[in-house]
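S.K.: Sending over a structure as structure tokens; questions will come in a sec.
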Amino acid sequence: MGFKVGDRVVYPHHGAAVIERKEKREMFGEKVEYLVLRVTHGDLTLMVPVEKAEEVGIRPPVSKDEVEDILDVLAKKDARMPSNWSRRFKNHLEKLKSGDVYQVAEVVRNLSLRNRDSGLSSGEKTMLMNARR
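FYI, the working numbering numbers position 92 of the sequence shown as 850, with every residue one higher than the one before it.
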């Protein structure tokens with residue numbers, strides 16, 4: 759997908775961002791074009807090589823139609839999660855790394871349900887906060 763300056767995008771782990779500019783830099787003797795992203799929550803600027811943008815999971819925001827599907831994922835009450843903390847954490851981390859909006863929604867749902875039922879560890883609280891972005 760061709761991203762352009764001004765596009766609103768979503769970057770895994772950091773959330774919503776705006777493409778502020780494109781910039782060329784020399785890396786190992788080769789000119790590489792970068793997208794310069796300003797994350798909307800917080801004071802963070804990221805640079806991503808244009809040719810790696812999709813590979814790292816940069817994507818456009820979800821459409822209105824997709825919002826309904828995401829709400830369906832969030833509404834399910836039968837979350838299946840490993841009872842072992844480290845397995846559960848690793849499983850959720852992999853889903854977040856995927857950048858797939860539906861898998862991220864599953865993480866939000868699972869951790870929200872677990873928080874309501876038995877509470878979360880500090881690591882899981884941080885994960886939930888990041889996933890909600």
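Don't be surprised by glycine CBs; every beta carbon is placed ideally from N, CA and C.
Give every residue of the same chain whose Cβ lies closer than 7 Å to the Cβ of R796, excluding the five residues on either side of it in the sequence, and list them in chain order.
M.R.: Excluding residues within five positions, the ones whose Cβ falls inside 7 Å are A775, V776, E778 and T803.
S.K.: Rounding to the nearest angstrom, what Cα-Cα distance links P770 and V814 in this structure?
M.R.: Going by the C-alpha atoms only, they are around 8 Å apart.
S.K.: Can you tell me which of the three DSSP states G773 falls into?
M.R.: In this structure, G773 counts as strand in the three-state DSSP scheme.
S.K.: Drop a sphere of 10 angstroms on the beta-carbon of K782, count the other beta-carbons inside from all chains shown, and report buried for 16 or more, exposed for fewer.
M.R.: Exposed.
S.K.: L832 to R874, Cα distance in whole Å?
M.R.: Near 14 Å, if we compare the C-alpha coordinates of R874 and L832.
S.K.: Whose C-alpha, out of V862, S876, V808 and L878, is nearest the C-alpha of H772?
M.R.: With distances taken between Cα atoms, H772 lies closest to V862.
S.K.: Could you give the uninterrupted runs of the beta strand (DSSP E) lying entirely in the stretch 785-839, keeping only those of 3 residues or more?
M.R.: Counting only runs of 3 or more, we get 788-797 and 802-807.
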